[in-house]
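Going line by line, the protein sequences match chains A and B.
Read in my numbering, the first sequence has 70 at position 70, and its numbers run on one by one without any break.
Read in my numbering, the second sequence has 126 at position 126, and its numbers run on one by one without any break.
For each residue, glycine too, the CB sits at the ideal point set by N, CA and C.
Just so we're clear, the structure is a prediction, and the values are computed from it rather than from any experiment.
Before any comments, here is the structure.
There are 2 protein chains.
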Amino acid sequence: MKLAKSAKSQKRVLDAAAKMFRDYGYAGTTMRAIADEADLKAGSIYYHYKSKDELITAVLDIGINAVISSVEDALHALPETATGRERIETAVRAHLSAIIKIGDYTLATRRVFGQVPEAIRLKNTKLRDTYGAIWQKILTDAHARGEFKTNANLTLARLFILGALNWTVEWYKPGGRTIDDVARDFTAVVIDGIANPCGVIHSAADDNQQAQARAN
Amino acid sequence: MKLAKSAKSQKRVLDAAAKMFRDYGYAGTTMRAIADEADLKAGSIYYHYKSKDELITAVLDIGINAVISSVEDALHALPETATGRERIETAVRAHLSAIIKIGDYTLATRRVFGQVPEAIRLKNTKLRDTYGAIWQKILTDAHARGEFKTNANLTLARLFILGALNWTVEWYKPGGRTIDDVARDFTAVVIDGIANPCGVIHSAADDNQQAQARAN
DNA sequence: TCAATTTTCTAACTAGTGTTAGGTTTTTTA
DNA sequence: TAAAAAACCTAACACTAGTTAGAAAATTGA
Numbered sequence: 001m002k003l004a005k006s007a008k009s010q011k012r013v014l015d016a017a018a019k020m021f022r023d024y025g026y027a028g029t030t031m032r033a034i035a036d037e038a039d040l041k042a043g044s045i046y047y048h049y050k051s052k053d054e055l056i057t058a059v060l061d062i063g064i065n066a067v068i069s070s071v072e073d074a075l076h077a078l079p080e081t082a083t084g085r086e087r088i089e090t091a092v093r094a095h096l097s098a099i100i101k102i103g104d105y106t107l108a109t110r111r112v113f114g115q116v117p118e119a120i121r122l123k124n125t126k127l128r129d130t131y132g133a134i135w136q137k138i139l140t141d142a143h144a145r146g147e148f149k150t151n152a153n154l155t156l157a158r159l160f161i162l163g164a165l166n167w168t169v170e171w172y173k174p175g176g177r178t179i180d181d182v183a184r185d186f187t188a189v190v191i192d193g194i195a196n197p198c199g200v201i202h203s204a205a206d207d208n209q210q211a212q213a214r215a216n
Numbered sequence: 001m002k003l004a005k006s007a008k009s010q011k012r013v014l015d016a017a018a019k020m021f022r023d024y025g026y027a028g029t030t031m032r033a034i035a036d037e038a039d040l041k042a043g044s045i046y047y048h049y050k051s052k053d054e055l056i057t058a059v060l061d062i063g064i065n066a067v068i069s070s071v072e073d074a075l076h077a078l079p080e081t082a083t084g085r086e087r088i089e090t091a092v093r094a095h096l097s098a099i100i101k102i103g104d105y106t107l108a109t110r111r112v113f114g115q116v117p118e119a120i121r122l123k124n125t126k127l128r129d130t131y132g133a134i135w136q137k138i139l140t141d142a143h144a145r146g147e148f149k150t151n152a153n154l155t156l157a158r159l160f161i162l163g164a165l166n167w168t169v170e171w172y173k174p175g176g177r178t179i180d181d182v183a184r185d186f187t188a189v190v191i192d193g194i195a196n197p198c199g200v201i202h203s204a205a206d207d208n209q210q211a212q213a214r215a216n
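As structure tokens, then:
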């Protein structure tokens with residue numbers, strides 16, 4: 001292995017950068033702070049990355065690509081016959097799993113995206129569109145199969161789903177609710193809503209266990 | 001009027017600060033850039049605000065307070081008998097209206113919040129909790145009246161709603177869909193879901209007008 | 001109008017920024 | 001083990017940051 005050590009340091013630098021960008025934003029993160037976090041001197045970073053911009057680009061790309069490929073893989077593993085509900089729940093679960101695994105990168109992506117030089121942002125926007133298209137396809141396919149209301153506003157539904165998903169990274173902490181639980185309940189809201197179905201009125205007897213966490 | 005001119009300049013500085021923080025983040029925004037935007041010199045800002053931190057604090061507070069009071073006012077204007085659905089739709093509409101009106105502040109709030117010095121963030125977090133509590137009350141009240149499924153996960157529903165709402169600021173642009181439309185469809189998704197109700201299968205004949213906008 | 005007050009500007013200070021060139025140390029190769 | 005390559009460090013560069021003191025300009029009140 002010729003690049004063994006180099007690769008290791010490079011990853012350390014990248015991880016440190018993601019963490020710092022996440023906490024302090026693009027301009028708020030200094031090369032010296034990244035270096036400290038990665039147990040290096042600032043000058044040494046330039047052996048691995050040509051510039052700060054190249055670093056943030058790498059972090060942004062990893063952040064979205066991890067989510068995209070996680071979701072795509074999970075969807076491809078489903079049988080052709082999978083319903084829209086199954087696909088949505090699967091995609092939500094994959095999205096959350098990816099976020100947990102590389103939380104620093106996705107959070108950095110979300111927080112820093114709006115502040116990065118325009119050229120960098122444009123490159124990254126394509127990836128974001130790709131991800132949006134994946135969701136749009138899930139929805140339109142299921143809609144075409146008659147699984148959804150004829151008059152459902154799918155574009156708006158997608159924006160809501162992605163918005164809510166993007167936001168999970170702000171409140172979801174491992175150790176609380178499991179990913180499976182969140183994915184199931186999340187899907188239930190989107191698919192079925194929270195209202196009593198078909199006018200059936202249930203009694204509201206047992207409803208006192210929801211007053212706990214209020215992360216936001 | 002003794003403070004007429006001072007008040008005007010102060011507002012110009014504040015507006016400029018919101019816009020700059022929105023685009024370049026906390027550390028990425030310089031006092032000189034704010035001054036330029038406000039037609040002032042950097043040093044003059046300090047006549048109105050003691051420091052950069054005091055500026056960002058003001059912007060953050062305005063951003064959330066505007067949303068909170070807009071939503072609270074709209075809710076109080078509703079009759080006692082209003083259903084959960086009506087309350088949700090009303091709150092969504094008020095939230096969106098506030099965002100449109102002071103978009104720079106809310107966007108700045110959302111983008112900058114994670115990068116601001118901890119002391120400032122803590123003060124602002126209380127306001128955020130207040131807003132979360134408003135939504136939680138809407139949901140639990142309606143739930144207690146039997147309007148929602150007994151087993152609905154209200155906490156998750158709230159996180160979903162707030163996440164999606166927080167995200168609207170990224171894609172909603174005046175001139176496209178009206179606020180009323182968005183609020184109605186948004187509520188429909190949350191309340192009823194997008195699935196065909198009660199197993200009724202509609203034909204998916206007319207479903208080809210959704211392939212337009214894909215903002216995310 | 002003219003003195004008092006408010007508002008703004010100028011010019012500078014210190015501290016910290018991304019980046020680089022060239023030297024040192026560590027690791028690999030033969 | 002000695003030479004070559006890779007990885008890292010040091011010290012500095014030009015520049016920009018937030019902030020301040022004091023002078024200048026604009027506004028106000030009598």
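In chain order, what residues of the same chain lie with their CB nearer than 8 Å to the CB of residue i, ignoring the 5 residues before and after it?
i: residue 27 of chain B; result: 115
i: residue 134 of chain B; result: 68, 71, 72, 75 and 91
i: residue 48 of chain B; result: 6, 9, 10 and 13
i: residue 103 of chain A; result: 169
i: residue 189 of chain A; result: none
i: residue 174 of chain B; result: 100
i: residue 120 of chain A; result: 53, 56, 57 and 60
i: residue 113 of chain B; result: 60, 121 and 124
i: residue 185 of chain B; result: none
Rounding to the nearest angstrom, what Cα-Cα distance links residue i and residue j in this structure?
i: residue 176 of chain A; j: residue 111 of chain B; result: 26 Å
i: residue 13 of chain B; j: residue 38 of chain B; result: 5 Å
i: residue 24 of chain B; j: residue 85 of chain A; result: 39 Å
i: residue 163 of chain B; j: residue 167 of chain A; result: 5 Å
i: residue 154 of chain A; j: residue 191 of chain B; result: 15 Å
i: residue 187 of chain A; j: residue 105 of chain A; result: 25 Å
i: residue 20 of chain A; j: residue 33 of chain A; result: 7 Å
i: residue 51 of chain B; j: residue 179 of chain B; result: 37 Å
i: residue 53 of chain A; j: residue 148 of chain B; result: 49 Å
i: residue 143 of chain A; j: residue 195 of chain B; result: 9 Å
i: residue 82 of chain A; j: residue 141 of chain A; result: 11 Å
i: residue 87 of chain A; j: residue 55 of chain B; result: 46 Å
i: residue 22 of chain B; j: residue 152 of chain B; result: 36 Å
i: residue 18 of chain A; j: residue 62 of chain A; result: 10 Å
i: residue 109 of chain B; j: residue 45 of chain A; result: 32 Å
i: residue 171 of chain B; j: residue 172 of chain A; result: 23 Å
i: residue 132 of chain B; j: residue 118 of chain B; result: 20 Å
i: residue 161 of chain A; j: residue 161 of chain B; result: 10 Å
i: residue 156 of chain B; j: residue 150 of chain A; result: 27 Å
i: residue 80 of chain A; j: residue 79 of chain B; result: 49 Å
Name the DSSP bridge partner or partners of residue i?
i: residue 160 of chain B; result: None, per the DSSP bridge assignment.
i: residue 195 of chain B; result: A/148
Among the residues of its own chain, which have a CB less than 7 Å from the CB of residue i, if the five just before and after it don't count?
i: residue 183 of chain A; result: 89, 92, 93 and 96
i: residue 30 of chain A; result: none
i: residue 77 of chain A; result: none
i: residue 138 of chain B; result: 84, 87, 88 and 91
i: residue 130 of chain A; result: 68
With a threshold of 6 Å on Cβ separation, who are the neighbours of residue i within its own chain once the five nearest residues in sequence on each side are excluded?
i: residue 159 of chain B; result: none
i: residue 136 of chain A; result: 158
i: residue 42 of chain B; result: 31, 32 and 35
i: residue 107 of chain A; result: 22 and 169
i: residue 181 of chain A; result: none
How many whole angstroms separate the CB atoms of residue i and residue j, which I take to be in contact at a CB cut-off of 8 Å?
i: residue 98 of chain B; j: residue 66 of chain B; result: 5 Å
i: residue 124 of chain A; j: residue 40 of chain A; result: Not a contact, Cβ separation roughly 26 Å.
i: residue 193 of chain B; j: residue 146 of chain A; result: Actually they are not in contact, since the Cβ atoms of residue 193 of chain B and residue 146 of chain A sit about 15 Å apart, beyond 8 Å.
i: residue 165 of chain A; j: residue 64 of chain A; result: About 12 Å separates the two Cβ atoms, so there is no contact after all.
Contact list for the segment 106–117 of chain A against chain B, Cβ threshold 7 Å: 111, 114 and 115
Proximal residues, the segment 57–74 of chain B versus chain A, C-beta separation under 9 Å: none
Interface positions of the segment 151–168 of chain B facing chain A (Cβ-Cβ less than 7 Å), listed along the chain: 152, 153, 154, 155, 156, 157, 159, 160, 162, 163, 164, 166, 167 and 168
Contacting positions in the segment 179–197 of chain B - beta carbon closer than 8 Å to chain A: 182, 185, 186, 188, 189, 190, 191, 192, 193, 194, 195, 196 and 197
Residues, ordered as in the chain, of the segment 40–57 of chain B that lie near chain A by beta-carbon distance below 8 Å: none
Where the segment 10–28 of chain B meets chain A: residues whose CB sits under 8 Å from a CB there: 22, 23, 24, 25, 26, 27 and 28
Residues from the segment 76–87 of chain B in contact with chain A, defined by Cβ distance under 9 Å: 84 and 85
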